[in-house]
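These notes are about the structure you will find just below.
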Amino acid sequence: TCPGDLREKLGASGSMWPSEPIILGPEGSARQLVLRKIQELSAEGHQDPFMVLDLDVLVGRHQAFLQALPQVQPFYAVKCNSRPWVLRVLAALGAGFDCASQGELEQVLGLGVAPSRIIFANPCKAVSHIQYAARFGVQLMTFDSEEELAKVAQHHPGARLVLRIQIQNSQSTFPLNDKFGARLEACGHLLQAARELGLAVVGASFHVGSDCQTPQSYRQAIADCHGVFEMGRRAGHHMSLLDLGGGFPGTEGSKAKFEEMARVINAARAQYFPEGTGVEVIAEPGRFYMESVCTTAVNIIAKKAALESGGHKKLAYYLNEGYYGAFRIFLREPVPRIPIVAKEFPSEPRLLPCTLYGPTCDAFDRLFSKEVQLPELDVGDWLIFPDTGAYTSSMTSTFNGFPSITIYDAMGPQLRSQLETAP
Ligand code: PLP
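Quick note, in UniProt numbering, the sequence shown goes up one by one and the last residue is 425.
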């Protein structure tokens with residue numbers, strides 16, 4: 003079932019095998035690379051925005067995940083950042099993959115990843131995508147409705163289904179509850195309906211919402227899944243897979259919260275799914291893996307100053323990357339990010355309220371709904387946004403004719419040579 007022809011096709015179009023990464027020197031960091039690129043571009047009179055993606059940081063995130071949750075197998079959520087090098091590194095590290103569509107399945111299978119290392123974790127799938135999964139042997143897939151069961155019974159009767167449940171009382175920056183998840187009261191009926199259609203339900207999943215703020219949400223959801231396992235067994239299913247979804251925060255600053263989540267998960271697992279019961283636990287982290295992997299540099303392409311009543315000065319900076327580019331997610335974040343100003347000042351500069359706009363002609367194209375405090379800057383100055391690896395480049399458009407941001411993949415020489423020998 004390994005789609006070798008597909009690999010060839012994708013390789014030929016250039017979209018699958020990534021161009022060579024920049025190799026960082028022994029003391030080189032991605033941050034230094036960003037500063038060097040800014041200097042180089044400025045010297046050549048160029049101001050285009052760019053992003054540096056540090057694959058060594060990605061390796062560190064994978065290790066941190068495995069260390070905190072040693073009994074959980076990560077299936078990286080491709081939607082978070084589907085850059086070819088990201089997938090290639092994670093495939094070499096032995097991670098699994100959570101795919102949301104045929105396009106993502108093609109990308110991951112095209113890397114030679116075995117279909118058994120993939121979960122098609124979109125509870126509402128297009129029929130043609132289900133057929134594609136069946137054709138290439140991707141069996142694990144989520145559902146949360148009777149209508150989805152009917153589609154799967156017709157087009158992929160050999161699927162191993164995972165029932166996605168709704169979450170109770172989770173607080174997260176990006177909730178997913180309204181759109182997905184079966185209510186607990188409906189699960190018994192869904193499990194019975196699957197049985198009557200001759201479909202195998204093998205487990206339960208949930209998603210506490212992206213950038214979860216409440217570690218205890220995992221505990222409640224794992225307890226709920228335990229109940230669903232009982233219902234599934236009563237309906238005659240062999241329940242053996244618990245899928246914790248994503249939701250883990252991604253920045254260095256959220257380390258303590260992640261560790262607290264890991265403690266809660268490990269304890270809940272020991273209580274509800276103790277070792278020896280033969281239950282495999284997986285998760286679908288996206289943000290946790292990618293957020294800190296990328297750093298983005300943008301340029302001020304236009305500026306306006308205004309005097310408020312009372313003589314207070316306000317500024318508007320127009321950047322060459324915005325809502326319709328890599329920064330779509332920013333507007334949905336509750337607290338504006340403060341960029342690093344790549345400029346030297348003779349003394350501590352006065353901070354002024356600034357509105358940050360993107361480059362398109364749409365008034366909606368702004369980075370944050372609130373002002374941020376920044377010094378007075380000039381057209382041509384650079385701003386640096388760290389922690390821009392999650393849901394950024396994967397959400398870009400070319401609206402108004404602005405091209406997608408240039409991305410420089412970077413890694414140290416050791417990782418590069420390890421990848422040479424990876425299977
Ligand atoms: N799994 C599913 C089904 C999702 O929808 C998402 C994000 O939307 C993820 C995993 C990744 O979530 P996160 O980036 O919060 O880890």
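Quick reminder that beta carbons are idealized off the backbone N, C-alpha and C, glycines included.
Could you check which residue in the options has the C-alpha nearest to that of residue i?
i           : options                        : result
residue 445 : ALA102, GLU108, GLN109         : Absent from the structure is residue 445, since the part of the chain shown begins at 3 and ends at 425.
ARG85       : LEU71, VAL54, GLN69            : VAL54
ARG334      : GLN104, LEU192, SER174, ILE40  : SER174
TYR274      : ALA258, LYS316, TYR220         : TYR220
GLU346      : ALA328, LEU379, PHE370, CYS363 : LEU379
THR398      : LEU376, ASP213, PHE332, LEU92  : PHE332
VAL236      : LEU151, ALA195, GLU310         : Per the sequence shown, the amino acid found at residue 236 is Arg instead of Val. That would be ALA195, whose Cα lies nearest to the Cα of ARG236.
HIS131      : GLU108, PRO415, THR297, ARG119 : GLU108
ILE121      : SER311, GLY114, GLY98          : GLY98
ILE342      : ASP389, ALA365, TYR325         : ASP389
ALA123      : GLY114, GLU106, LEU111         : GLU106
LEU376      : GLY238, ASN402, LYS305, LEU113 : LYS305
MET233      : LEU353, VAL203, ILE25, LEU43   : VAL203
GLY114      : VAL91, GLN168, ILE169          : VAL91
ILE302      : ASP213, ASP383, ASN171         : ASP383
LEU193      : GLN170, PRO177, GLU150, PHE176 : GLU150
GLU277      : SER242, LYS257, PHE145, LEU309 : SER242
PHE387      : ALA328, ARG38, LEU199, PRO251  : ALA328
GLY403      : GLY324, ALA344, ILE40          : GLY324
GLY229      : LEU95, GLU187, LEU385, ALA136  : GLU187
LEU111      : LYS372, GLY255, TYR134, PRO251 : TYR134
ARG119      : ARG137, GLY96, ALA136          : GLY96
LEU57       : PHE366, TRP87, PRO251          : TRP87
SER147      : ILE167, ALA136, ARG137, PRO117 : ILE167
HIS239      : PHE145, ALA258, THR253, ARG197 : ARG197
ARG63       : LYS257, GLU373, SER349         : LYS257
LEU369      : LYS39, GLU22, PRO338, TYR393   : PRO338
THR279      : PHE231, VAL129, PRO28          : PHE231
PRO287      : ILE24, PRO23, LYS39, ASN83     : ASN83
LEU26       : VAL59, ALA45, ILE407, ALA116   : VAL59
residue 434 : THR394, SER419, ASP367         : With the chain running from 3 to 425 in the structure shown, residue 434 is simply not present.
In the DSSP output, what is residue i paired with across the bridge?
i      : result
GLU282 : LEU243
LEU376 : LEU354
ASN301 : TRP384
ALA318 : LYS306, THR357
GLY327 : DSSP output for GLY327 lists no bridge partner at all.
GLY205 : VAL164, LEU243
ASP411 : LEU55
GLN416 : Bridge partners of GLN416: none, in fact.
GLN212 : It is worth fixing the name first, because residue 212 is Ser in this sequence and not Gln. Answer is PHE176, bridged to SER212.
ALA184 : ILE167
TYR393 : BP columns for TYR393 are empty, so no partner.
CYS296 : LEU55
VAL74  : VAL283
VAL343 : LEU385
ALA79  : ASP100
ARG368 : TYR359
Let me see if you follow: with CB-CB separation under 8 Å, is residue i close to chain B or not?
i      : result
GLY248 : No chain B is present in this structure, which holds just one protein chain.
Open item on the list: Is it the case that the segment 152 to 163 contacts the segment 179 to 188, given that we only count it when at least three CB pairs across the two stretches are under 8 Å?
Closed with: no
Task: Every unbroken beta strand (DSSP E) within the segment 88 to 171, with a cutoff of 3 residues, ordered by chain - done: 98 to 101, 120 to 122, 142 to 145, 162 to 166
Open item on the list: Between the segment 213 to 229 and the segment 263 to 271, can you find at least three pairs of beta-carbon atoms closer than 8 Å?
Closed with: yes
Open item on the list: When you compare the segment 160 to 168 with the segment 136 to 149, are there three or more beta-carbon pairs, one atom per stretch, that lie closer than 8 Å?
Closed with: yes
Open item on the list: Check whether the segment 190 to 207 and the segment 241 to 248 touch, using three or more Cβ-Cβ pairs below 8 Å as the test.
Closed with: yes
- [ ] Could you pull out every unbroken alpha helix (DSSP H) segment of at least 4 residues lying fully inside the segment 218 to 280, listed in chain order?
- [x] 218 to 236, 257 to 274
- [ ] Please determine if the segment 254 to 269 and the segment 39 to 52 are in contact, where contact requires at least 3 C-beta pairs separated by less than 8 Å.
- [x] no
Open item on the list: Quick check on the DSSP output: what are the complete beta strand (DSSP E) runs of length 3 or more inside the segment 27 to 58, in order along the chain?
Closed with: 52 to 56
- [ ] Kindly confirm or deny that the segment 277 to 290 and the segment 65 to 74 touch, where touching means at least three C-beta pairs closer than 8 Å.
- [x] yes
Open item on the list: With three or more C-beta pairs closer than 8 Å as the rule, is the segment 354 to 371 touching the segment 287 to 299?
Closed with: no
Open item on the list: Quick test of the definition: if touching needs 3 or more C-beta pairs under 8 Å, does the segment 404 to 421 touch the segment 32 to 49?
Closed with: yes
- [ ] State whether the segment 76 to 83 contacts the segment 305 to 321, with contact taken as three or more CB pairs (one from each stretch) at a distance under 8 Å.
- [x] no
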